[in-house]
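Keeping their order, the protein sequence lines are chains W and U.
Numbered by numbering that gives the first Met the number 0, the letters in the first sequence go through residues 0 to 323 in order.
Numbered by numbering that gives the first Met the number 0, the letters in the second sequence go through residues 0 to 363 in order.
No residue lacks a Cβ here, since even glycine has one placed at the ideal position from N, Cα and C.
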Amino acid sequence: MAELWIDMLAVLDGTARLAAPLILCAMAGLVSERSGIVDIGLEGKLLTGAFAAAAVATLTGSPWAGLAAALAASVMLALVHGFACITHRGEQIVSGVAVNILALGMTVVVANALFRHGGHTPPLGAEERFSPLSLPLAETLRDVPVVGPLYAELVSGHNLLVYAAFLSVALVWWLVWRTRFGLRLRAAGELPEAVDSAGVSVSALRYRGILIAGLLCGLAGAYLSIAHGAGFVREMSAGKGFLALAALIFGRWRPLPVLFACLLFGLLDTVAPRLQGMDLPLIGPAPVALVSVLPYAMTVVLLAGFFGRAVPPRALGRPFAKEH
Amino acid sequence: MTALPRWLDIGVLPVVNLALALLAAAVVVALVGEDPLEVFGVLLQGAFASGSLGYTLYYATNFVFTGLAAALAFQARLFNIGAEGQATLGGLGIALACLSLETVLPGWLVALVAIGGAALFGAAWAVVPGWLQAYRGSHIVITTIMFNFLASGLMVWLLSGPMMRPGQGSPQTRLFDEAVRLPAIHDLVRGLGFEAARSPLNLSFLFALLACAAVWVLIWRTKFGYALRAIGHSEEAARYAGIPVRRAVVAAMALSGALAGCMALNEVLGVQHKLVLNFSAGYGFTGIAVALMGRNHPLGILGAGLLFGALFQGGAELNFEFETITHELALVIQGLVILFSGALAYMFTPWLARRLFLRSAAHG
Numbered sequence: 000m001a002e003l004w005i006d007m008l009a010v011l012d013g014t015a016r017l018a019a020p021l022i023l024c025a026m027a028g029l030v031s032e033r034s035g036i037v038d039i040g041l042e043g044k045l046l047t048g049a050f051a052a053a054a055v056a057t058l059t060g061s062p063w064a065g066l067a068a069a070l071a072a073s074v075m076l077a078l079v080h081g082f083a084c085i086t087h088r089g090e091q092i093v094s095g096v097a098v099n100i101l102a103l104g105m106t107v108v109v110a111n112a113l114f115r116h117g118g119h120t121p122p123l124g125a126e127e128r129f130s131p132l133s134l135p136l137a138e139t140l141r142d143v144p145v146v147g148p149l150y151a152e153l154v155s156g157h158n159l160l161v162y163a164a165f166l167s168v169a170l171v172w173w174l175v176w177r178t179r180f181g182l183r184l185r186a187a188g189e190l191p192e193a194v195d196s197a198g199v200s201v202s203a204l205r206y207r208g209i210l211i212a213g214l215l216c217g218l219a220g221a222y223l224s225i226a227h228g229a230g231f232v233r234e235m236s237a238g239k240g241f242l243a244l245a246a247l248i249f250g251r252w253r254p255l256p257v258l259f260a261c262l263l264f265g266l267l268d269t270v271a272p273r274l275q276g277m278d279l280p281l282i283g284p285a286p287v288a289l290v291s292v293l294p295y296a297m298t299v300v301l302l303a304g305f306f307g308r309a310v311p312p313r314a315l316g317r318p319f320a321k322e323h
Numbered sequence: 000m001t002a003l004p005r006w007l008d009i010g011v012l013p014v015v016n017l018a019l020a021l022l023a024a025a026v027v028v029a030l031v032g033e034d035p036l037e038v039f040g041v042l043l044q045g046a047f048a049s050g051s052l053g054y055t056l057y058y059a060t061n062f063v064f065t066g067l068a069a070a071l072a073f074q075a076r077l078f079n080i081g082a083e084g085q086a087t088l089g090g091l092g093i094a095l096a097c098l099s100l101e102t103v104l105p106g107w108l109v110a111l112v113a114i115g116g117a118a119l120f121g122a123a124w125a126v127v128p129g130w131l132q133a134y135r136g137s138h139i140v141i142t143t144i145m146f147n148f149l150a151s152g153l154m155v156w157l158l159s160g161p162m163m164r165p166g167q168g169s170p171q172t173r174l175f176d177e178a179v180r181l182p183a184i185h186d187l188v189r190g191l192g193f194e195a196a197r198s199p200l201n202l203s204f205l206f207a208l209l210a211c212a213a214v215w216v217l218i219w220r221t222k223f224g225y226a227l228r229a230i231g232h233s234e235e236a237a238r239y240a241g242i243p244v245r246r247a248v249v250a251a252m253a254l255s256g257a258l259a260g261c262m263a264l265n266e267v268l269g270v271q272h273k274l275v276l277n278f279s280a281g282y283g284f285t286g287i288a289v290a291l292m293g294r295n296h297p298l299g300i301l302g303a304g305l306l307f308g309a310l311f312q313g314g315a316e317l318n319f320e321f322e323t324i325t326h327e328l329a330l331v332i333q334g335l336v337i338l339f340s341g342a343l344a345y346m347f348t349p350w351l352a353r354r355l356f357l358r359s360a361a362h363g
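Listed below in structure tokens is the structure:
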């Protein structure tokens, strides 16, 4: 019994690790899309953040400098998106595609220029990364039945950015649903004309939404390369930004359901490799590759409206032109 | 929005936007510490030197197919960003046809079936998001993204399981029979008594040219094309005019997917002669850049396809010539082209209009 409990905790622990970047990116997408700006550039910002963090951590030896660089780089990319979509009212999808491809190319080009390491950064040492934190009393309480392992294995022992990811959900919820700024932000994504006639600038709101998205993606990127991983590898975001986008839709643009979607997707990702080589009843050898794309299939089914309905913010993707 | 005269819109704006993208890329190159002129020189030489023209055209073949796919959907204001997945499925269609029929039917007939299979499978993978958009209101951008990932998952599963080459550990099918492969251009040319450098360029390049012509006819010379353009301008008006919008949307996606699927003709039936993982290699996304630069017109797409073909082939040369600049510079330029000729397409329109004293336009 105790062993099963430990196994389950290990799976949940893995889930938290894999879900952390999804949560941060999905929250980024939530803030941006609630303001009316489609963000399919999450992937690119994530990748750029990961690269900037690893590169600067390598050069300075400080994970904090790496984190700052990740935030700055991701925000810069977010501003490019904002300049195209808000200032020039360009197509948001096209701009997002541009951001992703730009990130894909730039990270490798700059990595090669800086390190000549085949588009990677050199591996980082322990002091150049965010290492796991041991919460107070974790070791003392480990032997307490049931709760002890839960605290020691699952709650304690993550790096700073995992805790930041879970904290970001509460923060985003508070910011978007409990502040005046949040009310206006959501209005900009639903009925920008109303915001405008109230004398509040839609552009400024949307720029702020995009900035927050940039910061959160930067955190996620830093997590990938200098907390969870130990260095930048080309294309290391590996579709996580798009998976976060799926989670955002699956959770219908609301913080708590989005969090659960991220955890569910993280769980699937943790379980899939464990199924390798297992024989399932009726199915035969476990189709691991198919299990890992299950989140995308579930999102399509949800979008199709066969169960529930995912209704995006009403003005999502619509550029706002102030009337003169 | 300020309207420019057609010749400016088609002739000048793309050039201005390309110049901007190249300028921004040059800044990147300079920051990295290389001489931009030297880098672009190597790029050009790498793309058009006598031995490499075939490679440039081979890349261009992919880009023309995916560019046409994006453009056809754009005509009805549909963002098909699922060309990656549709091309992947096209490859699957080819592989299934070849592997199952090549011992039964003569080679040329199998090749024909395979071509049909590529188009059919690509179309099928696009029809589902199209149908979901038209009849269930699911946003096509999101569903096509999801379908890209579904396609790659499906392919990993098939190629590491049911379709894996017997007795081998790598995720790919066995080679197709020689008789079903598309002939290489250098072999065809040699058959006519000329010499040509060896390159992966194959018969699919001619198919790509045919596809350009077919798309032009379809868009500007048929009722269906008119319906697509009408939907693109105003879905509301199109519906009011009695155009069956939903059916047209599904049909547009089917054709777009079929074109994307045909990209696999070049890669799978023409070059690799087997199905491998990830042969679409981002070419589907490049198609978006090609369509934007080519202003959604088949001729423009042909030109933009050649340009990107040159960029990719020339980019490969960068790896040998420079220590710090690699072929990923082509991706940077591609991203910048999408940014300037897509998202920021009209940044310079008012400025251009004022420069040219187009008073009426500037007021519009």
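Since residue i and residue j are thought to touch, with beta carbons under 8 Å apart, how far apart are those beta carbons, to the nearest angstrom?
i, j, result
"W:Glu127", "W:Ala56", "5 Å"
"U:Ile184", "U:Phe204", "7 Å"
"U:Trp156", "W:Leu289", "5 Å"
"W:Arg33", "W:Arg185", "5 Å"
"W:Gly329", "U:Leu328", "Residue 329 of chain W is absent from the model: chain W starts at 0 and stops at 323."
Can you tell me whether residue i is buried or exposed? The criterion is at least 16 other CB atoms within 10 Å of its CB, across all chains shown.
i, result
"U:Tyr282", "buried"
"U:Ser169", "exposed"
"W:Asp38", "buried"
"W:Asp268", "buried"
"U:Tyr239", "exposed"
"W:Ile5", "exposed"
"U:Pro4", "exposed"
"U:His362", "For U:His362, the predicted model reports a pLDDT of 46, less than 50, meaning its position is unreliable; a value from the coordinates is still stated below. By the 10 Å Cβ count, U:His362 comes out exposed."
"W:Val257", "buried"
"U:Arg354", "exposed"
"U:Trp107", "exposed"
"U:Met0", "With a pLDDT of 46 at U:Met0, under the threshold of 50, the modelled position of that residue is not reliable, and no figure is offered here."
"W:Arg183", "buried"
"W:Thr139", "exposed"
"W:Leu215", "buried"
Hey, out of the options, whose CA is closest to residue i's CA?
i, options, result
"U:Met162", "U:Thr143, U:Ile139 and U:Ile93", "U:Ile93"
"U:Gln312", "U:Ser51, U:Gly89 and U:Pro35", "U:Ser51"
"W:Val109", "W:Leu242, W:Arg233 and W:Gly265", "W:Arg233"
"U:Ala247", "U:Gln74, U:Leu43 and U:Ile300", "U:Gln74"
"U:Ile242", "U:Ala229, U:Ala250, U:Ala253 and U:Val249", "U:Ala229"
"U:Phe319", "U:Ser279, U:Val155, U:Val41 and U:Val289", "U:Val41"
"U:Ala178", "U:Phe64, U:Phe307 and U:Val109", "U:Val109"
"W:Glu152", "W:Glu2, W:Arg317, W:Ile225 and W:Ser73", "W:Glu2"
"U:Gly314", "U:Gln44, U:Gly269 and U:Ala150", "U:Gln44"
"W:Ala83", "W:Ala271, W:Ala226, W:Ile209 and W:Phe231", "W:Ile209"
"W:Leu11", "W:Met75, W:Phe264 and W:Ser167", "W:Phe264"
"U:Gly10", "U:Gly308, U:Pro349 and U:Gly302", "U:Gly302"
"W:Glu322", "W:Pro191, W:Ser291 and W:Pro280", "W:Pro191"
"W:Leu134", "W:Pro318, W:Leu149, W:Met7 and W:Gly35", "W:Leu149"
So, using beta-carbon positions, are residue i and residue j closer together than 8 Å?
i, j, result
"U:Ala86", "U:Gly116", "no"
"W:Ile248", "W:Ala309", "yes"
"U:Ile141", "U:Gly81", "no"
"W:Ala69", "W:Gly217", "yes"
"W:Phe235", "W:Ala49", "The question names Phe, but residue 235 of chain W is Met in the sequence shown. In this structure, W:Ala49 lies closer than 8 Å to W:Met235 by Cβ."
"W:Pro121", "W:Asn158", "no"
"W:Leu302", "U:Ser137", "yes"
"W:Gly220", "W:Ser73", "yes"
"U:Ala288", "U:Val214", "no"
"U:Leu268", "U:Ala113", "yes"
"U:Tyr57", "U:Ser279", "no"
"U:Val31", "U:Ile324", "yes"
"W:Ala53", "W:Gly65", "yes"
*Determine which residues of the region 9 to 31 of chain W have a Cβ less than 9 Å from any Cβ of chain U, and write them out in chain order.*
none
*asked:* Along the region 288 to 309 of chain W, where does the CB come closer than 7 Å to a CB of chain U? Name the residues.
replied: Ala288, Leu289, Ser291, Val292, Tyr295, Ala296, Thr298, Val299, Leu302, Ala303 and Gly304
*asked:* Along the region 171 to 189 of chain U, where does the CB come closer than 7 Å to a CB of chain W? Name the residues.
replied: If the cut-off is 7 Å between Cβ atoms, the region 171 to 189 of chain U has nothing near chain W.
*Could you please tell me which residues of the region 80 to 112 of chain U, in chain order, have their CB closer than 9 Å to any CB of chain W?*
Ile80
*Near-chain U residues of the region 92 to 104 of chain W (beta-carbon distance less than 9 Å), N- to C-terminal order*: With the criterion set as a beta carbon lying under 9 Å from some beta carbon of chain U, the members of the region 92 to 104 of chain W are Ile92, Val93, Ser94, Gly95, Val96, Ala97, Val98, Asn99, Ile100, Leu101, Ala102, Leu103 and Gly104, in sequence order.
*Identify each residue in the region 256 to 282 of chain U for which the Cβ-Cβ distance to at least one residue of chain W is less than 7 Å, and report them in chain order.*
none
*Scan the region 5 to 32 of chain U for residues whose Cβ lies nearer than 9 Å to a Cβ of chain W and list them as they occur along the chain.*
Val27, Val28, Leu30, Val31 and Gly32
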